[in-house]
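In the numbering used here, the protein residues as written are -10 to 213. For reference, the structure discussed in these notes is given below.
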DNA sequence: GCCCAGGTGGGTA
DNA sequence: TACCCACATGGG
């Protein structure tokens, strides 16, 4: 008898976990730092985000009050290495407005709000799309909200769980409905997917080979 | 020099 | 709704 989707998802998780072990995500010191990182990493390699984080931290801007009071131009200058710096500086500002207007600048206070309601409110903030919002919910606020990203789409399309045309919400629901609603599980699962996809690409540099997960890879349909 | 990276918003048909 | 495109730096 064929395995259920839920147990197949669990098998994939077990394989990844046994291969890579616990990922200990998100790489940040505070919930606020997670939220900032989630915005900065939009369509950007994490290595570049780290440089921006270091810049912000060294100037003392990686805490709510300081960032709230900083000008958009100053923040833009510091986050330059993460790319799209003018855009991201506006997005940070827009998140700060939300954090202060709705929760008095407190991530702890934000955490007390019910997950579904909070997700809707965060999605209404300019500059925060579904992936960024779910990253904040899961990694900063420890809410059981599964994060779907480009890696998730590619990998699960490759192994036949996805057809390719599914929307963000559909993929998110697949994981959330078929897996136990567990913060630690969701945390590890997404982190393991990212780790696996990164390693599969790194492994084959400089020439993309059969393990590469990049969509344009000629071998993209042949292996995980 | 080219491709890509842990997306999102805005415009157009 | 479904595509395009802009946004931008840094590594391979």
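Ideal placement from N, C-alpha and C gives every residue a C-beta, glycine not left out.
* **When -6, 72, 131, 122 are compared against residue 101, the one with the closest alpha-carbon** => Position 112 of the first chain, counting from 1, holds the residue named residue 101. Residue 101 has its Cα closest to that of 131, out of -6, 72, 131, 122.
* Helix, strand or coil at residue 17 [DSSP, three-state] -> Position 28 of the first chain holds residue 17. Of the three classes helix, strand and coil, the one that applies to residue 17 here is coil, per DSSP.
* Pick out whichever of -5, 70, 55, 75 has its Cα sitting closest to the Cα of residue 94. => Residue numbering aside, residue 94 sits at position 105 when the first chain is read from its first letter. Out of -5, 70, 55, 75, 55 has the C-alpha closest to the C-alpha of residue 94.
* Between the Cα of residue 86 and the Cα atoms of 188, 115, 40, which residue gives the shortest distance? -> The residue labelled residue 86 in the question sits at position 97 within the first chain. Measuring from the Cα of residue 86, the nearest candidate turns out to be 115.
* Would the beta-carbon of residue 113 fall within 7 angstroms of that of residue 126? -> As a working note, residue 113 is residue 124 in the first chain. As a working note, residue 126 is residue 137 in the first chain. For the 7 angstroms CB-CB criterion, residue 113 and residue 126 do not form a contact.
* Asked: Can you name the start and end residues of the alpha helix (DSSP H) that residue 65 belongs to?
  -> On the first chain, position 76 is the one that residue 65 refers to. Where residue 65 is concerned, the enclosing alpha helix (DSSP H) stretches over 61 to 67.
* Asked: Does DSSP classify residue 7 as helix, strand or coil?
  -> Walking along the first chain from the start, residue 7 turns up at place 18. Looking at residue 7 - three-state DSSP - the assignment turns out to be helix.
* **Presumed contact (8 angstroms Cβ cut-off) between residue 168 and residue -5, rounded CB distance** => Position 179 of the first chain, counting from 1, holds the residue named residue 168. Position 6 of the first chain, counting from 1, holds the residue named residue -5. About 7 angstroms separates the two Cβ atoms, so the contact holds.
* Asked: Hey, would you say the C-beta of residue 167 is under 6 angstroms away from at least one heavy atom of the ligand ADP?
  -> For the structure depicted, the ligand ADP is absent and the ligand set is empty, with no information on it obtainable.
* From residue -7 to residue 0, what does the alpha carbon distance come to, in whole angstroms? -> Stepping through the first chain from its first residue, residue -7 is reached at position 4. Stepping through the first chain from its first residue, residue 0 is reached at position 11. The straight-line gap from Cα to Cα measures roughly 11 angstroms.
* To do: Could you tell me how far apart the beta carbons of residue 146 and residue 153 are, in whole angstroms, since I believe they sit closer than 8 angstroms?
  => Counted from its first residue, the first chain places residue 146 at position 157. Counted from its first residue, the first chain places residue 153 at position 164. Contact flag correct, Cβ pair sits at about 5 angstroms.
* Does DSSP classify residue 205 as helix, strand or coil? -> Taking the first chain and counting its residues from 1, the one referred to as residue 205 is at position 216. Confidence at residue 205 is low in this model, with a pLDDT of 44, below 50, so its placement is unreliable and the value that follows should be read with caution. Correct three-state label for residue 205: coil.
* Rank 52, 49, 22 by C-alpha distance to the C-alpha of residue 38 and give the top, closest one. => Counted from its first residue, the first chain places residue 38 at position 49. Ranking the options by Cα distance to residue 38, first place goes to 22.
* If we ignore side chains and look at the alpha-carbon of each, how far apart do residue 5 and residue 58 end up? -> Position 16 of the first chain holds residue 5. Position 69 of the first chain holds residue 58. One C-alpha to the other measures close to 43 angstroms.
* Asked: Count the other CB atoms within 10 Å of the CB of residue 138; is the residue buried (16 or more) or exposed (fewer)?
  -> Position 149 of the first chain holds residue 138. Per the 10 Å Cβ criterion, buried.
* Can you give the Cα-Cα distance for residue 159 and residue 123, rounded to whole angstroms? -> As a first step, residue 159 must be located in the first chain, where it is residue number 170. As a first step, residue 123 must be located in the first chain, where it is residue number 134. Approximately 14 angstroms, taken between the alpha carbons.
* **Anticipated Cβ contact below 8 angstroms, residue 41 with residue 29, distance rounded** => Position 52 of the first chain, counted from the start, is the residue given in the question as residue 41. Position 40 of the first chain, counted from the start, is the residue given in the question as residue 29. That pair is a contact at about 5 angstroms.
* Asked: If you scan the segment 23 to 104 from start to end, which runs of the alpha helix (DSSP H) of 4 or more residues do you find wholly inside it?
  -> Listed in chain order, the complete alpha helix (DSSP H) runs (minimum 4 residues) inside the segment 23 to 104 are 35 to 47, 53 to 58, 61 to 67, 74 to 92, 96 to 100.
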